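Please read the structure below before turning to the comments.
There are 2 protein chains.
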Amino acid sequence: MIRAGLTTERLTRAGADLADEVGFEQVTVSALARRFDVKVASLYSHVKSSQDLKTKIALLALEELADRAADALAGRAGKDALTAFANVYRDYAQEHPGRYAAAQLKLDPEAAAASAGGRHAQMTRAILRGYDLTEPDQTHAVRMLGSVFHGYVSLEMAGGFSHTGVDSQESWAWILDSLDALLRNWTTP
Amino acid sequence: MIRAGLTTERLTRAGADLADEVGFEQVTVSALARRFDVKVASLYSHVKSSQDLKTKIALLALEELADRAADALAGRAGKDALTAFANVYRDYAQEHPGRYAAAQLKLDPEAAAASAGGRHAQMTRAILRGYDLTEPDQTHAVRMLGSVFHGYVSLEMAGGFSHTGVDSQESWAWILDSLDALLRNWTTP
DNA sequence: TAGTTTGCCTAAATATGTTAGGCAATTGCA
DNA sequence: TGCAATTGCCTAACATATTTAGGCAAACTA
Chain H
83 MIRAGLTTER
93 LTRAGADLAD
103 EVGFEQVTVS
113 ALARRFDVKV
123 ASLYSHVKSS
133 QDLKTKIALL
143 ALEELADRAA
153 DALAGRAGKD
163 ALTAFANVYR
173 DYAQEHPGRY
183 AAAQLKLDPE
193 AAAASAGGRH
203 AQMTRAILRG
213 YDLTEPDQTH
223 AVRMLGSVFH
233 GYVSLEMAGG
243 FSHTGVDSQE
253 SWAWILDSLD
263 ALLRNWTTP
Chain U
83 MIRAGLTTER
93 LTRAGADLAD
103 EVGFEQVTVS
113 ALARRFDVKV
123 ASLYSHVKSS
133 QDLKTKIALL
143 ALEELADRAA
153 DALAGRAGKD
163 ALTAFANVYR
173 DYAQEHPGRY
183 AAAQLKLDPE
193 AAAASAGGRH
203 AQMTRAILRG
213 YDLTEPDQTH
223 AVRMLGSVFH
233 GYVSLEMAGG
243 FSHTGVDSQE
253 SWAWILDSLD
263 ALLRNWTTP
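Sequence lines, in order, name chains H and U. Here the numbering used here is used: position 12 in the first sequence is 94, and no number is missing along the way. Here the numbering used here is used: position 166 in the second sequence is 248, and no number is missing along the way.
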């Protein structure tokens, strides 16, 4: 019988695609096996468990996101960098809702350490070089930016901003303006 | 045989407790049945499905959160209100991680309409009465506050802020200061 | 107290997750 | 090229979760 050519890599990628199509919650070893027209048990040579599969998808999403962010940051500084970076998250979430949801999976410490999480934090710090902040303010600002970006994108994806007449894109622009102004004008009290 | 006294109410509450103990993801009709020492099928007279149970837990959490927020806002204005409101979310998430996670469940439109979601938005607007914003800026600001609060709490719960030496509580205070300053100084461009 | 309703039960079908062990396709080496 | 070792996907089996259908006994109602 002909082989399907399964690899951890292909399974992870297909799992991510599946997540984008039906939601990360619905990603299941069984569904993935069906997609490859293969018996469920066959996947267990390539992923340790359902949890392992989900972790791998999360790590993939974090890498993709970090790659896009790095691209967007290249050659930019100040507000330009801030906006480009923020838009990477928002656009990625819109294009790849399942992957974005995966990126929010709570990782165990080892996986977290091996993830692109550190790159994200580093890039946020790089943006802040365009502003005049010293530690610990810089760390506070990193956390604030992360919170706003993640929070906004989550709430927007959940449909939280679709019940008033105000356009979400406008709010997004307003918020980025505000953050830029805030960081420019910050003076330690 | 003696009856367990199941009701939708009690199941929902027990489900919420279970979520806080083992995580919202792990809440299952079977686990809940075990908790009541009852057969699984018995629960189906009180909840329509596993999804229905989760929705009910989410609605409970949203109500509790709105009640706490309303309490916290009573008699406060300006930055005092802002801080109290923000702390309600953060504290609730810390005390009740499973309930907080449940509150993030994506609800179908009917459930969303019947939820306390509207109260949350109204209360955020009430806080902004202490600042000098008019529409559409007020809506933008509502969205920004929601994003920061939800984003920060999510990232903090996920352990995102535990890998540098800077205390999370300090960042939280810094962010609330910043938001207050931002809203006070906002002038439409 | 008899009748009705309600609550929890048993039984059964279906789906997912996971492990163990087998055979065939592929790879590597003489 | 041909054979051995490896690897990949398979069948089989079991545990757990979801859900529906129908039954019996407890609790209300009159």
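Note that the Cβ used here is the ideal one computed from N, Cα and C, for glycine as well. Predicted, not measured: the structure shown is a model, and the values here were computed from it.
Would you identify the three-state DSSP class for residue i, choosing helix, strand or coil?
i	result
Gln186 of chain H	coil
Val120 of chain H	coil
Tyr126 of chain H	helix
Ile84 of chain H	coil
Thr270 of chain U	Model confidence at Thr270 of chain U stands at a pLDDT of 49, short of 50, so the residue's coordinates are unreliable and nothing is read from them.
Thr89 of chain U	coil
Gly212 of chain U	coil
Ala196 of chain H	helix
Asp173 of chain U	helix
Arg150 of chain H	helix
Phe167 of chain H	helix
Gly241 of chain U	coil
Trp254 of chain H	helix
Glu103 of chain H	helix
Val109 of chain U	coil
Asp262 of chain H	helix
Ser132 of chain U	helix
Ala156 of chain H	coil
Asp249 of chain H	coil
Pro191 of chain H	helix
His178 of chain H	coil
Glu217 of chain U	coil
How would you list, in chain order, the residues of chain U whose beta-carbon sits under 7 Å from the beta-carbon of residue i?
i	result
Phe243 of chain H	Arg225
Val170 of chain H	Those do not exist, as Val170 of chain H stays about 16 Å from chain U at its closest Cβ, beyond 7 Å.
Ala240 of chain H	Lys188
His232 of chain H	Gly233, Ser236, Leu237
Thr246 of chain H	Thr221
Using only the alpha-carbon positions, how far apart do residue i and residue j sit?
i	j	result
Ala185 of chain U	Ala143 of chain H	24 Å
Tyr126 of chain U	Lys138 of chain U	14 Å
Glu146 of chain H	Thr221 of chain H	24 Å
Tyr171 of chain H	Ser229 of chain H	12 Å
Ala152 of chain U	Ala208 of chain U	10 Å
Leu141 of chain U	Gly212 of chain U	29 Å
His232 of chain U	Asn169 of chain H	19 Å
Ala183 of chain H	Lys188 of chain U	12 Å
Asp173 of chain U	Ser250 of chain U	13 Å
Ala175 of chain U	Asp102 of chain U	10 Å
Trp268 of chain U	His128 of chain U	50 Å
Lys136 of chain H	Gln108 of chain H	11 Å
Thr216 of chain H	Arg225 of chain U	28 Å
Gly160 of chain U	Leu265 of chain U	10 Å
Met205 of chain H	Asp190 of chain H	23 Å
Gly157 of chain H	Leu100 of chain U	50 Å
Val120 of chain H	Ser132 of chain H	16 Å
Ala154 of chain U	Val111 of chain H	45 Å
Ala86 of chain U	Phe243 of chain U	44 Å
Ile84 of chain H	Pro179 of chain H	34 Å
Arg181 of chain U	Val104 of chain U	11 Å
Can you pull the chain H neighbours of residue i, defined as C-beta to C-beta under 8 Å?
i	result
Ile257 of chain U	His222, Arg225, Met226, Ser229
Glu252 of chain U	Pro218, His222
His178 of chain U	By Cβ distance, chain H contributes nothing, its closest Cβ being about 16 Å from His178 of chain U, past 8 Å.
List the residues of chain U whose Cβ lies closer than 8 Å to the Cβ of residue i, in chain order.
i	result
Ser197 of chain H	Result: empty, since nearest Cβ-Cβ is about 11 Å, beyond 8 Å.
Leu264 of chain H	Ser260, Ala263, Leu264
Does the beta-carbon of residue i, which I'm using as the reference point, lie nearer than 8 Å to any heavy atom of the ligand COA?
i	result
Pro218 of chain U	Summarising the ligand content, the structure contains no ligands, and the ligand COA is consequently not present.
Sufficient close CB pairs (3 or more, under 8 Å) joining the segment 160-176 of chain U to the segment 102-122 of chain U:
No contact exists between the segment 160-176 of chain U and the segment 102-122 of chain U.
Validate contact between the segment 147-160 of chain U and the segment 199-216 of chain U using beta carbons, cut 8 Å, 3 pairs
The segment 147-160 of chain U vs the segment 199-216 of chain U: in contact.
Three CB pairs or more closer than 8 Å across the segment 90-103 of chain U and the segment 251-258 of chain U:
Because the criterion of three Cβ pairs below 8 Å is not met, the segment 90-103 of chain U and the segment 251-258 of chain U do not touch.
Looking at C-beta atoms only, is the number of pairs between the segment 232-245 of chain U and the segment 259-266 of chain H that lie closer than 8 Å three or more?
no
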